[in-house]
Amino acid sequence: MTEIIVVTSGKGGVGKTTTSASIASGLARRGKKVAVIDFDIGLRNLDLIMGCERRVVYDFVNVIQNESTLKQALIKDKRIETLYVLAASQTRDKDALTVEGVRRVLDELIAEGFDYILCDSPAGIEKGAHLAMYYADRAIVVVNPEVSSVRDSDRILGLLASKTQRAEKDETKVKEHLLLTRYSPKRVAAGEMMSVDDVKEILGIEVIGVIPESPDVLAASNAGTPVIMNADSDVARAYEDAVSRLMGDAMPLRFLEEPKKGFFSRLFGG
Amino acid sequence: MTKAASIARDPPFVIRFGPVGLAQMRVTTLDAAAIHAEVLSRIASAPQLFERTAVCLDLGELEQVPVARDIRLVLDAVKRAGMLPVALARGNEIVDALARELDLPVVAQVRAVSKQSAEMQPKAEPAAPAKPSATMDLDSQGALAQLHHQPVRSGQRVYARNRDLVVTAAVGAGAEVMADGCVHVYGSLRGRALAGARGEITARVFCHEFNAELVSIAGVFRVFETIPKELAGKPVQAWLSGDDLHFARFGSP
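These protein sequence lines are chains P and U, in that order. Numbers 204 to 473, taken from our numbering, label the letters of the first sequence in order. Numbers 4 to 256, taken from our numbering, label the letters of the second sequence in order.
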């Protein structure tokens, strides 16, 4: 049984691609066969975050327009055996995507026996974002703890409830999960940032993870390694927790408090 | 059978007077093509609100004095586009004369209807086309409120036609809940609430947690740049008294 998961947010720059790369890697490391698709046609980024930008020959649009086979376009990850990337086209625009074309690619992936298909949505609510969510079984809504991101996510949740195939066919609704990124407990404590509870109350859906603000994310992007692969990082631990919850494990949220300073840093006032 | 006896047994109709929801269309031109296009686009943007809606044509904004032939073209354009013109809005003697010529009733403006005596009502009733008057009847016989159990998200609109709207979840910032009757929100109201969307001045807005951006009753609205402290997050109702919106907490303090 293949599950199609869209990673979406409405607002740009909140961490959709970082999240898609890390969640896909996390699932694949647990032995699942995972494909992650970049729906941001014209602004392709996922390949950079995954570190496979130099291996892109054919892309999602080529497959949709029958210019290549899916097999030719799927890029096999070098680190994890069961992880594949389908890059976006950098030279086309979003009109190159069609409902039927996307369906056909998803069906081929399902036939190939993938366990999870992650759809990395572009920002906004236009065609690319619509098609990324259209066939989803589940949605990870990425939100930063600030008002504009929360409002955009509310809008996206409205679209998930009305503009997806599940909504149109009156099937069970898309399962929604909230993922908070760039969370800074210190700033929450200072009253400068919305807390997990504030965001949860406004959006009214279950929280699947809270990812702390950290320089590790930028470092990982620059290195082309999904941040979940950095074993020393709290960000990686937080993403691992989110993957566990996604697979059905209940576990308490971590990294909601400011980390305690160690003995030495207290001694030297660091 | 005497005439009196037959009436006592089985009256062929019942007349009821009551406020009738009627959209007013204030035309600024007699260009039928332009009006046709505009009505089409309005219906496309909010079909629930405009499709097959009974409208009364207000000629008060026109610069030249219209003749019956012009008005016929306009009425026809409106009808072809999908709204149902049923009357002319009360104006001067010219409008009265036109109405007689077009065989249409003249009705007072929607908001003025309830303020004035019911003398205008009998004229409006017989001309109302079958469909809208049927739904109005349904309403006067006590149609159930429209229930909505999902959160109303930013950018979504929910409209309850000819009835109350009851939302049992939150209404997000940037969302819009509208009803021709009252609006009840048993959750946090952070978006806009519009009661009496077609002019019912006795409609009210009730909410469990007041954080609204805008509240409107029968077209009288107020925006909340800052929520008054005593109302923020509290159960609140809003009603119209004269031309003013009033807000108050209800329940135990």
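Think of the CB as a built atom: it goes at the ideal place given N, C-alpha and C, for glycine as much as any other residue.
Where residue i falls: helix, strand or coil (DSSP)
| i | result |
| --- | --- |
| His39 of chain U | helix |
| Ser219 of chain U | strand |
| Ala148 of chain U | coil |
| Thr220 of chain P | helix |
| Gln240 of chain U | strand |
| Pro429 of chain P | coil |
| Glu179 of chain U | strand |
| Ala238 of chain P | strand |
| Arg166 of chain U | coil |
| Asp142 of chain U | Here Asp142 of chain U scores only 43 on pLDDT, less than 50, and its place in the model is too uncertain to base an answer on. |
| Ser117 of chain U | Bear in mind that a pLDDT of 34 at Ser117 of chain U, under 50, signals an unreliable position, so the number given afterwards is only what the model happens to contain. In the structure shown, Ser117 of chain U sits in a helix (DSSP, three-state: H, G or I). |
| Gln27 of chain U | strand |
| Pro88 of chain U | strand |
| Pro69 of chain U | coil |
| Ile74 of chain U | helix |
| Arg341 of chain P | strand |
| Pro418 of chain P | coil |
| Asp247 of chain U | strand |
| Lys389 of chain P | helix |
| Glu153 of chain P | Residue 153 of chain P lies beyond the stretch modelled for chain P, which goes from 204 to 473, so this question has no answer here. |
| Val308 of chain P | helix |
Proximity of residue i and residue j at Cβ, strictly below 8 Å
| i | j | result |
| --- | --- | --- |
| Gly245 of chain P | Gln293 of chain P | yes |
| Ala299 of chain P | Val264 of chain P | yes |
| Ile328 of chain P | Gly213 of chain P | yes |
| Ile411 of chain P | Cys322 of chain P | no |
| Glu222 of chain U | Gly202 of chain U | The sequence shown places Gly at residue 222 of chain U, rather than the Glu named in the question. Yes, Cβ-Cβ distance for Gly222 of chain U and Gly202 of chain U is below 8 Å. |
| Phe213 of chain U | Gly236 of chain U | yes |
| Leu25 of chain U | Val110 of chain U | yes |
| Glu461 of chain P | Asp340 of chain P | no |
| Val264 of chain U | Val218 of chain U | Only positions 4 to 256 of chain U appear in the structure, and residue 264 of chain U is not among them; the question remains open. |
| Gly190 of chain U | Ala172 of chain U | yes |
| Thr220 of chain P | Ile252 of chain P | yes |
| Val58 of chain U | Gln27 of chain U | yes |
| Ala441 of chain P | Val413 of chain P | yes |
| Val17 of chain U | Leu60 of chain U | no |
| Val259 of chain P | Ala290 of chain P | yes |
Any C-beta of chain U under 8 Å from that of residue i
| i | result |
| --- | --- |
| Leu449 of chain P | no |
| Arg457 of chain P | no |
| Leu360 of chain P | yes |
| Gln368 of chain P | no |
| Asp357 of chain P | yes |
| Ala332 of chain P | no |
| Ala342 of chain P | no |
| Lys385 of chain P | The residue you asked about is not Lys; residue 385 of chain P is Arg in the sequence shown. Not closer than 8 Å to any Cβ of chain U, the Cβ of Arg385 of chain P fails to qualify, so no. |
| Gly407 of chain P | yes |
| Ala335 of chain P | no |
| Ala326 of chain P | no |
| Arg354 of chain P | yes |
| Ala339 of chain P | no |
Range covered by the alpha helix (DSSP H) that runs through residue i
| i | result |
| --- | --- |
| Ser351 of chain P | Val350 to Leu363 |
| Ser191 of chain U | From DSSP, Ser191 of chain U is part of no alpha helix (DSSP H) but of the beta strand (DSSP E) over Val186 to Leu192. |
| Arg103 of chain U | Glu96 to Leu105 |
| Asp250 of chain P | Leu249 to Met253 |
Terminal residues of the beta strand (DSSP E) in which residue i lies
| i | result |
| --- | --- |
| Glu404 of chain P | Note, Glu404 of chain P: premise wrong, no beta strand (DSSP E); alpha helix (DSSP H) at Val399 to Leu406. |
| Ile267 of chain P | Ile267 of chain P -> not in any beta strand (DSSP E); alpha helix (DSSP H) instead, spanning Phe263 to Ile267. |
| Ala453 of chain P | Per DSSP, Ala453 of chain P belongs to no beta strand (DSSP E) and is neither H nor E. |
8 Å Cβ cutoff, residue i in contact with chain P
| i | result |
| --- | --- |
| Gly175 of chain U | yes |
| Ser157 of chain U | yes |
| Pro154 of chain U | yes |
| Leu234 of chain U | no |
| Ala131 of chain U | Here the model assigns Ala131 of chain U a pLDDT of 35, short of 50, so the residue's position is not dependable and the matter cannot be decided. |
Interface flag, residue i vs chain A, CB-CB below 8 Å
| i | result |
| --- | --- |
| Arg257 of chain P | Absence of chain A from the displayed structure is noted, the protein chains being P and U. |
Given 8 Å as the limit, is there contact between the stretch 369 to 385 of chain P and the stretch 423 to 433 of chain P, that is, 3 or more CB pairs closer than that?
-> With the cut-off at 8 Å, the stretch 369 to 385 of chain P and the stretch 423 to 433 of chain P do not touch.
Touch test, the stretch 347 to 367 of chain P against the stretch 388 to 407 of chain P, Cβ-Cβ under 8 Å, three pairs minimum = Contact annotation: the stretch 347 to 367 of chain P touches the stretch 388 to 407 of chain P, with at least three C-beta pairs closer than 8 Å.
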